[in-house]
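In what follows, a single structure is set out as structure tokens and then discussed.
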Amino acid sequence: MLSIFYQGMLAFNPPQDEIVAELSEIKSKLANVAADSSDAQDLTVRQLELRELQETIDKSFLSKPPAPSAREAGIGPALMGSIWVCAGCTAFFLPLGVGTAIFLEEFKPRNKFLRWLSDMLQLNINNLAGVPSIVYGILGMTVFATMFGLFGSPNEPFFELGTKFKRQYVTEGMQVVFVPVADRDETPTLVDGMTALKSDGSEVKLNIIGDDDDFPEDDATLAVSLFSDSDGGVVAENAWYSFRLPFGRSVLAASMTLMLVILPVVIISTQEALRAVPMSLRQGAQGLGCTPWQTVRNVTLPAAIPGIMTGCILSMSRAIGEAAPILMISGIVAISMGPQHLMDDFSILPLQIYYWAGQPVNDADPFNFQHVAAGAIIVLLLVLFAFNSVAIVLRQIAQKRLS
Amino acid sequence: MAVADTANQKPAVLQRRQFRSLATTRFREWFILAALACCTAFTLLITVTIVCLLVGQTIQFFSMPETSISDFLFGLTWSPTLGNEKLFGIWPLICGTMWVTVIAMCVALPLGLVTAIYLSEYAPKRLRNVLKPILELLAGIPTVVYGFFALVVITPALQAIGIQVDFYNAVSAGIAVGILCLPTVASLSEDALQAVPRRLREAAYGLGGTKFDVSLKVVVPAALSGIISAFLLAAARAIGETMIVAMAAGALANLTIDPRQQIQTMTGHMASTATGDISNFDVRYYSIYAVALVLFFITLTLTVIGNVVRRRFQEAYD
Numbered sequence: 001m002l003s004i005f006y007q008g009m010l011a012f013n014p015p016q017d018e019i020v021a022e023l024s025e026i027k028s029k030l031a032n033v034a035a036d037s038s039d040a041q042d043l044t045v046r047q048l049e050l051r052e053l054q055e056t057i058d059k060s061f062l063s064k065p066p067a068p069s070a071r072e073a074g075i076g077p078a079l080m081g082s083i084w085v086c087a088g089c090t091a092f093f094l095p096l097g098v099g100t101a102i103f104l105e106e107f108k109p110r111n112k113f114l115r116w117l118s119d120m121l122q123l124n125i126n127n128l129a130g131v132p133s134i135v136y137g138i139l140g141m142t143v144f145a146t147m148f149g150l151f152g153s154p155n156e157p158f159f160e161l162g163t164k165f166k167r168q169y170v171t172e173g174m175q176v177v178f179v180p181v182a183d184r185d186e187t188p189t190l191v192d193g194m195t196a197l198k199s200d201g202s203e204v205k206l207n208i209i210g211d212d213d214d215f216p217e218d219d220a221t222l223a224v225s226l227f228s229d230s231d232g233g234v235v236a237e238n239a240w241y242s243f244r245l246p247f248g249r250s251v252l253a254a255s256m257t258l259m260l261v262i263l264p265v266v267i268i269s270t271q272e273a274l275r276a277v278p279m280s281l282r283q284g285a286q287g288l289g290c291t292p293w294q295t296v297r298n299v300t301l302p303a304a305i306p307g308i309m310t311g312c313i314l315s316m317s318r319a320i321g322e323a324a325p326i327l328m329i330s331g332i333v334a335i336s337m338g339p340q341h342l343m344d345d346f347s348i349l350p351l352q353i354y355y356w357a358g359q360p361v362n363d364a365d366p367f368n369f370q371h372v373a374a375g376a377i378i379v380l381l382l383v384l385f386a387f388n389s390v391a392i393v394l395r396q397i398a399q400k401r402l403s
Numbered sequence: 404m405a406v407a408d409t410a411n412q413k414p415a416v417l418q419r420r421q422f423r424s425l426a427t428t429r430f431r432e433w434f435i436l437a438a439l440a441c442c443t444a445f446t447l448l449i450t451v452t453i454v455c456l457l458v459g460q461t462i463q464f465f466s467m468p469e470t471s472i473s474d475f476l477f478g479l480t481w482s483p484t485l486g487n488e489k490l491f492g493i494w495p496l497i498c499g500t501m502w503v504t505v506i507a508m509c510v511a512l513p514l515g516l517v518t519a520i521y522l523s524e525y526a527p528k529r530l531r532n533v534l535k536p537i538l539e540l541l542a543g544i545p546t547v548v549y550g551f552f553a554l555v556v557i558t559p560a561l562q563a564i565g566i567q568v569d570f571y572n573a574v575s576a577g578i579a580v581g582i583l584c585l586p587t588v589a590s591l592s593e594d595a596l597q598a599v600p601r602r603l604r605e606a607a608y609g610l611g612g613t614k615f616d617v618s619l620k621v622v623v624p625a626a627l628s629g630i631i632s633a634f635l636l637a638a639a640r641a642i643g644e645t646m647i648v649a650m651a652a653g654a655l656a657n658l659t660i661d662p663r664q665q666i667q668t669m670t671g672h673m674a675s676t677a678t679g680d681i682s683n684f685d686v687r688y689y690s691i692y693a694v695a696l697v698l699f700f701i702t703l704t705l706t707v708i709g710n711v712v713r714r715r716f717q718e719a720y721d
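Chain order of the listed sequences is S and E. In terms of this note's numbering, the first sequence has 138 at position 138, counting the first letter as 1, and numbering is strictly consecutive. For this note's numbering, count along the second sequence from 1 and bump the result up by 403.
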């Protein structure tokens, strides 16, 4: 365990000895060669490369995106993804879990058949808690991510909202321009003088080179020139409210799947919290003429809130560490940014650790992906310890208030 | 006449007050009850969907020309990708799962039970209040961390003490799963031991038993069904564990009696298949549903038996 901790600490400050050594070597070589020789130019280029590498390494481990080299790799997008998925999951499981627990615990039926039914539901929840999380992953993958294939594939969804499409062209002057189109399949007809967007958002007028036109000479015209038969790729731009069916490998699908995994745990812990509220409080409220719901809302629930929160926080910490269901939904995704909206691709910390741990290890290199994985583990464990300590404090409050 | 009038009229105090209609309150009560019932029905829907989905897609799997139910249940080779002939015999996967579970239980059961006996019978109350949250914290550690631990610590440690294990092997994965299951076994068994009534202990002490005698010969046998249920629930968890085996046990479905080799479990197969492309609806994709159905069936059986045993046990001492 200590070795993992030691390896992990390295990830926050990867060793740069070799780079520093090479830089000083270049410096001493540069002093010896003539300033305008080709050797000197090569050395200067290499020096710039190394400086750039050093800058990337120096960036914070917490904000860097994952990279093909261990020294440059960080957990930025994965950390953001974990936060998004955990928050989404909480938004789903909180009302459902607390609602179910209240129904089973506070509205116990008197009718014999209904009581049998409620016992069955309780048994069902206990058994759901024992279902392996990967089975929920399969459920989520089929029901949320692909929706049984009923609504087309995630790449060509049946329904889309808040998505704008653009065709991306590279002009003859090597400038990237975008032409907005109505939908995914539309190919715009390029006409002389039509407006297009540059990557910084400013508008330009395109100069289209037809079959009879001459090829333009000056740079300014070249920068906005396209051949009339040039082909561009589709770029989708999603607004923050974008939505699609099926959900695909999105944050939403992952949160809903995690909700399924966590729900039985939340229900059981909320039930325990409600059971800990003394019967005398409920009887007092009923004696004052409260209806069953008024009793729950004004008496039972406020008394049980610390206990419920303890259960929910522990469930959230379980949700953050859960990897198998998300693996079924999204697989391993390499992305450079955290999710921007609910339909965005994402990666989460545990999956990032899983991916890095599976990378081949080169024993000769003093710093490899194992160190990066260990660093990510430290961050994950710190988050969990924070959650757990809050939960423990809340539990103590709960016990004090009810005793 | 005057008497009848006063009987029909409300008392003077109540006449002056305008009572609000109860209709809205009644409707609100009804509406909230219905909403809560819907939440509860959702849990039932989850179970129904899991069963229907797995059964439906498994039927789809067996309707494909490459597969047959008899091959699946009695075949001894699992090779969904290699070679021209794809073979789907479940036994190698079950063998891998068995190895991991058996090794995990060999680690978790003795350690967990000893921990539970210590916590319940020996530990002073203050120490217990410290140890229990630590145990819970151990239960909260993500499974990828245990997987990494198996890969980086347990396998090299096994090699260092002279056990010739492969880089990916069933032993270290099993040990890691055992550590994962330890808190489950410990806390469930501890609950069972705590539920044994005081009078049994006092009677044993009265007969002159030592603390060791009382714990081992009276309390543990009395709590045996609770301990068995803890064992079954932990075994179900070990069978369903995915990330540790995906990381440390390898990816070669191997019908072997040697746990030092690499193996593949049922969950490992699902994870390695789904890591690919989910929109590729071929026979390999459908095989995960058939395997998931077997896994679901096994874990559900264990969980149901475990829960029933636990409930019986609780009733016995209530």
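Note that beta-carbon positions come from the ideal geometry of N, C-alpha and C, so glycine has one too.
Min CB distance F551/E to chain S below 8 Å: yes
Separation of A637/E from L538/E, as counted between CA atoms: 15 Å
Unbroken beta strand (DSSP E) run spanning I557/E, endpoints: No beta strand (DSSP E) contains I557/E, which DSSP labels as neither H nor E.
Chain E contacts from the stretch 193–215 of chain S (Cβ-Cβ distance under 7 Å): none
Length of the line joining the Cα atoms of Q394/S and G201/S: Just to set this straight, residue 394/S is Leu in the shown sequence, not Gln. Looking at the two C-alpha atoms, the distance is approximately 50 Å.
Cβ-based neighbour list, F310/S, same chain, cut-off 6 Å, excluding 5 preceding and 5 following: Reading off the sequence shown, one finds Thr at residue 310/S, where the question assumed Phe. Cβ neighbours of T310/S beyond the five flanking positions: A391, L394 and R395.
Straight-line gap, R249/S to M343/S (C-alpha atoms, nearest Å): 8 Å
A239/S (DSSP reduced to helix, strand or coil): strand
The alpha helix (DSSP H) enclosing Y355/S, as first and last residue numbers: Under the DSSP assignment, Y355/S falls in the alpha helix (DSSP H) whose first and last residues are L349 to A357.
Sub-8 Å separation of V431/S and P339/S beta-carbons: Lying before the first or after the last residue shown, residue 431/S is absent from chain S, which here runs from 1 to 403.
Short Cβ contact (8 Å threshold) for V204/S with V177/S: Cβ atoms of V204/S and V177/S: closer than 8 Å.
Rounded separation between I681/E and I582/E - CA only: Its pLDDT being 48, under 50, I681/E is placed unreliably in this model, and the coordinates cannot settle the point.
DSSP-derived helix/strand/coil call for Q16/S: coil
Classification of Y549/E by the beta-carbon crowding that lies within 10 angstroms, buried from 16 upward: buried
Length of the line joining the Cα atoms of S269/S and E105/S: 12 Å
8 Å Cβ cutoff met for V224/S and Q168/S: no
Sequence-distant residues of its chain with Cβ nearer than 6 Å to Q463/E (five each side left out): Close CB contacts of Q463/E within its chain, under the 6 Å cut and outside five residues either way in sequence, are with Y689 (chain order).
Three-state secondary structure (DSSP) of S632/E: In this structure, DSSP gives S632/E a helical state, which the three-state scheme calls helix.
Assumed close pair N368/S, V361/S - CB separation to whole angstroms, cut-off 8 Å: 5 Å
Supposed close pair I647/E, V574/E - CB separation, criterion 8 Å: Contact flag wrong, Cβ pair sits at about 12 Å.
Three-way DSSP call (helix, strand, coil) for Q463/E in this model: helix
Proximity to V98/S [Cα-Cα], best of L456/E, L619/E, K614/E and A438/E: Of L456/E, L619/E, K614/E and A438/E, the residue nearest in Cα terms is A438/E.
For S24/S and R71/S, the rounded distance between their alpha carbons: Pairing R71/S with S24/S, the inter-Cα distance amounts to about 20 Å.
As assigned by DSSP and simplified to three states, the class of Y169/S: Strand at Y169/S.
Segment contact, 8 Å Cβ cut-off, at least three pairs: the stretch 434–448 of chain E with the stretch 87–101 of chain S: yes
Touch test, the stretch 321–331 of chain S against the stretch 58–71 of chain S, Cβ-Cβ under 8 Å, three pairs minimum: no
Same chain, Cβ closer than 8 Å to R715/E, neighbours up to 5 away in sequence not counted: S628
Which listed residue (M673/E, V588/E and M508/E) has its alpha carbon closest to that of V694/E: Per the Cα distances, M673/E.
Chain-ordered neighbours of L121/S on chain E, where CB pairs are closer than 9 Å: T443, A444, T446 and L447
Collapsed DSSP secondary structure at V390/S in the structure displayed: Three-state result, V390/S: helix.
Alpha-carbon to alpha-carbon, I453/E and L530/E: 43 Å
Residue range of the alpha helix (DSSP H) that includes S590/E: A573 to A598
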